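Chains as they are written, first to last, in the UniProt record's numbering: chain A, 1 to 398; chain B, 1 to 398; chain C, 1 to 398; chain D, 1 to 398. Glycine residues also receive a C-beta, built at the ideal position from the N, C-alpha and C atoms. Model, not experiment: these values are computed from the prediction. Read the structure below first, then the notes.
There are 4 protein chains.
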Amino acid sequence: MAERLRVAMVGNGFMGAAHSQGWRVAPRFFDLPLQPTMDVLVGRDPGRAGEAAAKWGWGEVSTDWREVVERDDIDVVDIVTPGDSHAEIAIAALEAGKHVLCEKPLANSTVEAEAMTRAAEAASARGIRSMLGFTYRRVPATALARQLIADGRIGEVRHLRASYLQDWLVDPAAPMTWRLEKDRAGSGALGDIGAHAVDLAQYMTGLRLSEVSGVLETFVRRRPLPSGSSSGAIAGSSSSEPATEFGEVTVDDLALFRGRFASGALGTFEASRMATGRKNSLRIEISGSLGSIAFDLENLNALEFYDATEPTVEQGFKTIIVTEPEHPWVDAWWPAGHMLGYEHGFANQAKDFVDAIAAGSPPRPSFADGLHVQRVLDAVEHSSATDGAWVGVADGSD
Amino acid sequence: MAERLRVAMVGNGFMGAAHSQGWRVAPRFFDLPLQPTMDVLVGRDPGRAGEAAAKWGWGEVSTDWREVVERDDIDVVDIVTPGDSHAEIAIAALEAGKHVLCEKPLANSTVEAEAMTRAAEAASARGIRSMLGFTYRRVPATALARQLIADGRIGEVRHLRASYLQDWLVDPAAPMTWRLEKDRAGSGALGDIGAHAVDLAQYMTGLRLSEVSGVLETFVRRRPLPSGSSSGAIAGSSSSEPATEFGEVTVDDLALFRGRFASGALGTFEASRMATGRKNSLRIEISGSLGSIAFDLENLNALEFYDATEPTVEQGFKTIIVTEPEHPWVDAWWPAGHMLGYEHGFANQAKDFVDAIAAGSPPRPSFADGLHVQRVLDAVEHSSATDGAWVGVADGSD
Amino acid sequence: MAERLRVAMVGNGFMGAAHSQGWRVAPRFFDLPLQPTMDVLVGRDPGRAGEAAAKWGWGEVSTDWREVVERDDIDVVDIVTPGDSHAEIAIAALEAGKHVLCEKPLANSTVEAEAMTRAAEAASARGIRSMLGFTYRRVPATALARQLIADGRIGEVRHLRASYLQDWLVDPAAPMTWRLEKDRAGSGALGDIGAHAVDLAQYMTGLRLSEVSGVLETFVRRRPLPSGSSSGAIAGSSSSEPATEFGEVTVDDLALFRGRFASGALGTFEASRMATGRKNSLRIEISGSLGSIAFDLENLNALEFYDATEPTVEQGFKTIIVTEPEHPWVDAWWPAGHMLGYEHGFANQAKDFVDAIAAGSPPRPSFADGLHVQRVLDAVEHSSATDGAWVGVADGSD
Amino acid sequence: MAERLRVAMVGNGFMGAAHSQGWRVAPRFFDLPLQPTMDVLVGRDPGRAGEAAAKWGWGEVSTDWREVVERDDIDVVDIVTPGDSHAEIAIAALEAGKHVLCEKPLANSTVEAEAMTRAAEAASARGIRSMLGFTYRRVPATALARQLIADGRIGEVRHLRASYLQDWLVDPAAPMTWRLEKDRAGSGALGDIGAHAVDLAQYMTGLRLSEVSGVLETFVRRRPLPSGSSSGAIAGSSSSEPATEFGEVTVDDLALFRGRFASGALGTFEASRMATGRKNSLRIEISGSLGSIAFDLENLNALEFYDATEPTVEQGFKTIIVTEPEHPWVDAWWPAGHMLGYEHGFANQAKDFVDAIAAGSPPRPSFADGLHVQRVLDAVEHSSATDGAWVGVADGSD
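Dropping the structure here:
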C-alpha cells in the first residue's frame, strides 16, 4: 500500500466540490505512488464547513487555516477560496513546508502573484511542490493538441482564436453577487474565464503572449440586490413603498482583446458572460503553416485536426474522439467512446500533482505560469483604460 | 445523518468499476434518504477481488456470494457478474430479503429471466426492491426525451431509428474472448448493445415492441486465441512450427432488425461491433406527428428536438444542452454547461435505487422490463433463424 | 465552335425545371465536345407547355412527343414525365435513333423496365446512348466516395445504412395528389426516394443487392381532396353541408427494408415521407474493414471519411469539403469552399451525357442499372406482402 | 412578355462568371418585371473577352467601355473589374444614365468611393439606380437573420463575432499575384473578405460601426513570381544558375480588429487568408439580450437561432434549414431541403436589382453603404499603423 498523502482543503464553495471529487476519485482509477486522503476541510463558517465536510467526505473540520497549515499531519494544502485570500494562505503553507495546489486565479493582483511565485520558487528548492488549477490543461483533448503541436504537426503557429462564452448575466434581473464587485472579485469575465482562454492558448501552442490590445465592457451596470443584502447598495427608488435595491456592477461582463505572441503569431480573445445560449463554451482554433487544431469545451471529448500535408482531395477537419487508451489519462478511465465530463480534469490534476510530489519534479502549471497570465490580464486592463492601444506584457519570456 | 444502506457487490470486472463509482459518488452529490456504504466485494478469485476492493474502496472481500447474500448486515446486493450467473444470485438475494440491483442483461435465457421476474414480484410484495441496470435511462437527455414525448410534444410516435455502433471487432486480429462464445455470453452485439437500444427506445417512447423481423451476422468467424488460452480452440495449422491457434466466434457481430410497436409505430434497429469509427454510438431518432427527438450517446449532454407546431420559417432541430438545474438529476451536479460523462448514469441510478428503497416504491427498469427486452431479443434470433420473417414478441403488453 | 446537340425535353413539371437548368448551365461552365441546345419542349397542355418553354428558354413547343421523337433535327430526347409514360416515349425515341436521358424511376413496372432495357441495349449497338437520371451520382462527394471505396480505402464493405427522409406528408391535412395513388405513381416513398437510396448505395460501394426483407406502411390512409378534384374520391361525410371530400392513399409513406449484397455485406434502408423535420435527408454510412464513409445530402458539399489505418491516437471522421479543383466536376465551377447546390447534379449529368455521346461510350447509370433497382423495389414489395421474409432480387448480378 | 433590360458587363474574370450566371438564371426562376438580356461583354483583351463572351453567352464583345456606357441600347452597366477602375467606369455610366451594378469593393480608396457615392446620389434623383455587389446579403439565411433581429427576436444586440477565413495563402510557395500588391489590389484580406464581414454584420444587425481598433499582418512577405512575370520583382539569388525570382507581398494576409457600434454593441472581426483548412468560412454570431443568431457560409442553407424567451429546459440553438417557400427568394427555387449554393446569391441579386429598377426605388446595398464599409476599413488600417488604438469611422451614422 502506498504511503499516505494527507490533504487539507481550504474553502467550501463550488470549487471545493470539484476538488473534493478529484481527491476522492483519482486514487480509485489511477495507480498513485502516494495515497491522498481527505483529512481536513477548512471553512470560515463552522456550520457550512461542517455540512460540506460531511457531504464531501472530509475527515475533520477547522475554521482556522493558519493552524491547519502548520500541522505536522498535513502534507498538502489545497486552496479553493476566492482569489483575494490565495496569497496569504499559499505563502504560509509553502513556508510551513506543505505542497500547495491553488485554484485559479493565482491572485487578485500582480503584486500578490509575484510574492506567491517567489514563495513557490523558494519552496521548490526545498522540495516543496506547488501547482495552479488551470484544469482544462487536464482535458485529454487539449493535452493531445499540445502534443500534436509540439510534434510539429501544424507547423509554425500563425494565428489563433480563443473565446470563452457564457450567458449567466444576460438577464438584467440576475441578482448582484460579490463576483460582480471589483474589490472582492478582482476582475469579471476577463479574470474568471478569459484567464482560462489565455492559459489554454499558451499551453496548447507552447507560446507566450508578449503584448495585447483590448477593451472591457459592462453592459448591465446595476443589478437587483438579493433581499436582505446590502452588498454594494446604490440609490434605487425614493418611493415610500418597498423598493428593489440595486447594486453597482464594477467588473466587466465582456472582454475582447488581441495578442501578439513572442513568436510573432497573433491571437484573438473573447471572454463573455453575455453570450446568449453559450453555457460554458471555451473554443480555441489554432492555424499553423501545416495544419490546424480546434477544441470546444462543450464537446470536450473531441479534438478537431486538419493536416494540410495530406493529399488535397482528402484534406478535411478530422474529429478525433479522444477516448482511446493511448490518449493522455484515458487508460485509467473507461473503454473507448465512453465519455468523460467536466470533473475528470480535477481527478487528472490530482493524479499529476501526486505524481510530481512523489517524483520530486516541478508540476505545471506553476505559480510562475499563473503570474504570467495575471500579467497578460493586467496588460489588457491597462490597454482598455488607455485607448485600446498595444501594451506590453511585463514578462513575455518563458 | 441518514441511516446506512449496506451494499455488497458481486463481481469485479469493468462493470464493477462503474457501479463502484456510482455508490461512491452518489451520496457526495445527492441528498439521499439512506446512506449507502460499500461494505463487501465478492469475487471468485480472492487475489483479484482483494485488489479490486482495495482499489475501489470496498470494506471487505468475500469469495462466497451465497454466504454474503444471507448476512444480516447487508441490505443491498448489486450484481455485476456475467449474465449466466445473474439468475442464481439475484433469486437467492431476493429470497434472503435483500434489495437487488442487477446489471443488464437480466439473464442469458428467457427461462432464467422469467424466474427472476417471478422472484422480484414475490419479493416486492414483501417490500424488497429490485432494479435492472439499463443506465442509459439515467442520462439526463434521455429522461428529458421521455418527458417531452409523454407530454405529447412530438404527437403520436410513428417511426424510430435506433443504432448502437461500436468497432472493437473490426480488426480480424482482435483476439478471441469469452464474450464471443455463445455458451458463455449468450449473445453478441444483439444482447450486449442491441438490448440497450431496445430498452431505450421503449423507455423514451413509452411504447412496447410486439413483433420483430431480423438478421444476425458474423463477419469474422474465427479469431486468434490469446497465447496460453484454449478457449474454444479449433484447428489452426498443422505446421510443426509454433502456430497461432484460433477460436470459433459463435455469436453475432452485427444484428439488424425492425420492429412493430403495439401502437402501430415502426422501428429500425442496428447493433454492430463492426461499425468502423463508431466507438460507442447509440443514436435514436423518433419521428412523431408533431415533432421529432434525436439522441446520440457520443454527445450525451445534448438532445435534439424538432417542434413542428412552430411557425414554418422558424422550424429546425434544436440542440438542447441538458445541463440546466431544471433538467433531471442535474441540479446535484455542476453549473449549466459543465458536461457530464458516461459514469454519471451510475450515480444517478444509485440515487434512484436508494430513493425507491426508502420510499417503498418499485423502481424502474424492473426485472419485468428486462424480461420483456429478453423476449424481444429472442424473437429477433428466432426471426433470423427462420428466413427473417416477422415473429411475435411473447409479451408485448405493458 | 462545337457541333450542336439538339435536345427535346418531354414533360414540364418540377423535374423539367431541374433538367432545363442542367442543359442551360452545363455549356457555360464545362468545355463540351458538342453544344447542347434547348430546341423543343413537349407538353400535353399547350398553354402550360408554352409558359414553361418561355420561362425556361426552350426554342419551340410541341404537344406531340411522337412527332418530335421522329424529327430529324433532334438528337436527344430528355424524358421528365411521370413514370407511367417513360417506357413508351423512351422506346420510341431510341428506335428513332435519338439518344435518351430518362428521369428516374425508369418505369412504373418491371415489365416496362425490361422492355426499355432491351431497347437501350439494341440502340447501343447502333451507337445510340441512353442514361437514367439518378443525379445524386453526380454530386462530387458521392463520386469521391465511390473512388475511395474502389481504391480500397475502406477495405471490404461489411455494412451500410441508408436512409432517405422527408416530412411533407406528416400533416394529415396535406392534400391528396396523384403521387399518392398507386395506379398513377406506381409506388410511394419506396419508389420515389427509396430508389435513390438503393442506387446510391450500390453506386458508392460497387456492390449489388441480391435479396431483401422489408415492410411498407401507410400511416395516413385518407387525405382531403383539393377542392374541385375528384381524384380517388371516397365517401366523406353525409352531412348536407359542404363537406370535405377525401381520397384514399394507396401507396406507402414509410418503407423499411434490409438487404444482403452479393458480396455478403448487409444494409439497412429506410425511405420516409413522415420523418418530421427531415426535409431532403439522404444519408448513407458505409462501414468497411479498413474505414468508413458517410454522406448526407443535407450537407452535400461534404464527405465524411474514417481511415482505420491511421495511428490510433489520430483516427477520426474527417469532413472533406468536396470543392477542390481536383474533385470530380468541381474544376469547372467555383473556387474551393464555394458551395454547390442541388441543381449542380443536373448540369454535371448533362455534361457526362454529352461527353458519352461524343465519345461513343455507354454512360452510367444505364437503363439496366435502373431495371436492377426496380427489381430490388419489387422484391421489397413482395417481401412486405409475404410476412417480411427474405426475397431474392430477380437479378443480383452485375 | 416583359420589356427588355439590356445589360453590358465590364470585366471578364472570376466575378464575371458569377455575374453572368446571375443574369442568365434569374429570369428562368423569378417572374421579373423587366427581361434582362446579356448584350455586351467588355474586356481589354479582345481574345480573352471574346472567349468569355462565347462561353458565358453574351451577345457581343467590346474592348471600349467608354463607348459602351454611352450606347443608347444599353440600360444597365455591370462592373466586375478590379477595384481600381470601378470609380471611373461607374461614374461615367451613371452620368450616361445607365443603371449600375458594381461588384465590391466599391473602390480602392475612400476618395474614389466618395465620388462614386455622390454620382450615385445625383443619378438617383434622375431615376437612375445603383447597387453594390455584397451578394451575401442575398443568401436566404442572412436575410432571415436580419428579419428576426429587426423583429426584436434577439432583443438588443450586445456583441458579435465575425470571421472570414480562407487558406489559399498558407503555402509559402503559392505564387505572387497582383492581388498581393497594394498598388493594384488596394488591400489584402481586410478589403477582400473583411469587407464582406463588416457589411454582413451591419446588414444583419441594422447597426453601424463607429470606431475600430485593429492590426494587419503579413506572414509571408515574398512569394515566387510566376515564370515570365516581372510583377514586383525583388532580388532573389545571385547564383549564375536560373533562380526563382520573388515578388514582395505588400498587403495583409491577416486582419484582426474589433469595433464599437454606434449603439454601444461591440464586435470582433477577423479576415484571414492563412486559416489552414478554412476554405470560404464566413461566420457571424450575434448575441442579444433575448437570443442569439449564428451563420456560417460553409453551411449556407442553415441559420442557427437561440431564443432565450423559451422555457429554460427547452432552450437551445436551433438549426433552421432556410429552404422553405416562405423564406426569402426560396419560393422561386426548389422544394424544401433542396440546397442552394454560392451562385444563387448572384441570381437573387439580379432579381432585386431588376425589381428596384422597375419600381423606381433605391436598392441596397447602396454606394453609400459601400463608402461606409470603406471608411471602416480605412479606420482599421489607420489604427494598425498607429499602435492599434481606437480610431473613429469617418461616418458612423446611418
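Cut-off 6 Å between Cβ atoms - residues of its own chain near residue i, not counting five sequence neighbours on either side
i, result
"Ala93 (chain B)", "Val69, Val77, Val100"
"Glu285 (chain C)", "Arg161, Ala294"
"Trp329 (chain B)", "Pro140, Asn348"
"Ser365 (chain D)", "The sequence given here has Pro at residue 365 (chain D), not Ser. Cβ within range, chain order: Leu132, Phe134."
"Ala53 (chain A)", "Leu41, Val61"
"Pro226 (chain C)", "Pro175"
"Pro105 (chain B)", "Gly83, Gly191, Ala195"
Residues bridged to residue i (per DSSP)
i, result
"Ala302 (chain D)", "D:Ile321"
"Val251 (chain C)", "In DSSP, Val251 (chain C) forms no bridge with anything."
"residue 444 (chain C)", "This structure leaves residue 444 (chain C) out entirely; chain C is present only between 1 and 398."
"Asp78 (chain B)", "B:Met9, B:Leu101"
Whole-number beta carbon distance between residue j and residue i, since they are thought to touch under 8 Å
i, j, result
"Ser85 (chain B)", "Trp56 (chain B)", "Actually they are not in contact, since the Cβ atoms of Ser85 (chain B) and Trp56 (chain B) sit about 20 Å apart, beyond 8 Å."
"Leu266 (chain C)", "Glu217 (chain B)", "6 Å"
"Arg4 (chain A)", "Gln35 (chain A)", "5 Å"
Beta-carbon proximity of residue i to residue j, cut-off 7 Å
i, j, result
"Gly316 (chain C)", "Ile320 (chain A)", "yes"
"Ala347 (chain A)", "Ala26 (chain A)", "yes"
"Ala145 (chain C)", "Leu303 (chain C)", "yes"
"Phe353 (chain B)", "Pro362 (chain B)", "no"
"Glu119 (chain D)", "Ile91 (chain D)", "A quick correction: the sequence has Ala, not Glu, at residue 119 (chain D). Taking 7 Å as the Cβ cut-off, Ala119 (chain D) and Ile91 (chain D) qualify as a contacting pair."
"Asp296 (chain B)", "Arg283 (chain B)", "yes"
"Tyr306 (chain C)", "Ser289 (chain C)", "no"
"His33 (chain C)", "Ala358 (chain C)", "The amino acid at residue 33 (chain C) is misidentified as His; the sequence shows Pro. Going by C-beta atoms, Pro33 (chain C) is nearer than 7 Å to Ala358 (chain C)."
"Val391 (chain C)", "Arg375 (chain C)", "no"
"Gly83 (chain C)", "Gly186 (chain C)", "yes"
"Gly43 (chain A)", "Asn12 (chain A)", "yes"
"Asp64 (chain A)", "Arg6 (chain A)", "no"
Cβ-based neighbour list, residue i, same chain, cut-off 8 Å, excluding 5 preceding and 5 following
i, result
"Pro172 (chain B)", "Val220, Arg223"
"Ala122 (chain A)", "Leu94"
Alpha-carbon to alpha-carbon, residue j and residue i
i, j, result
"Val128 (chain C)", "Leu169 (chain B)", "Reading off the sequence, residue 128 (chain C) comes out as Ile, not Val. Cα to Cα, Ile128 (chain C) sits roughly 49 Å from Leu169 (chain B)."
"Ser263 (chain C)", "Thr250 (chain B)", "21 Å"
"Asp252 (chain D)", "Glu381 (chain D)", "10 Å"
"Thr37 (chain C)", "Ile79 (chain C)", "16 Å"
"Gly184 (chain B)", "Tyr342 (chain B)", "Here the sequence assigns Arg to residue 184 (chain B), which means Gly is not the residue at that position. Approximately 26 Å, taken between the alpha carbons."
"Ala125 (chain C)", "Leu200 (chain C)", "27 Å"
"Met9 (chain B)", "Trp178 (chain B)", "22 Å"
"Asn280 (chain B)", "Met274 (chain B)", "11 Å"
"Thr81 (chain C)", "Ala18 (chain C)", "13 Å"
"Thr323 (chain D)", "Arg28 (chain B)", "49 Å"
"residue 420 (chain C)", "Arg258 (chain B)", "The structure shown does not extend to residue 420 (chain C), since chain C spans only 1 to 398, so no value can be given for it."
"Ala336 (chain A)", "Leu371 (chain B)", "29 Å"
"His159 (chain D)", "Arg260 (chain D)", "9 Å"
Residues near residue i by beta carbon distance below 7 Å, same chain, minus five either side
i, result
"Trp271 (chain C)", "As written in the sequence, residue 271 (chain C) is Ala, which differs from the Trp given in the question. Around Ala271 (chain C): Tyr164, Ala189, Leu190, Ile193, Gly194, Ala197, Ala255."
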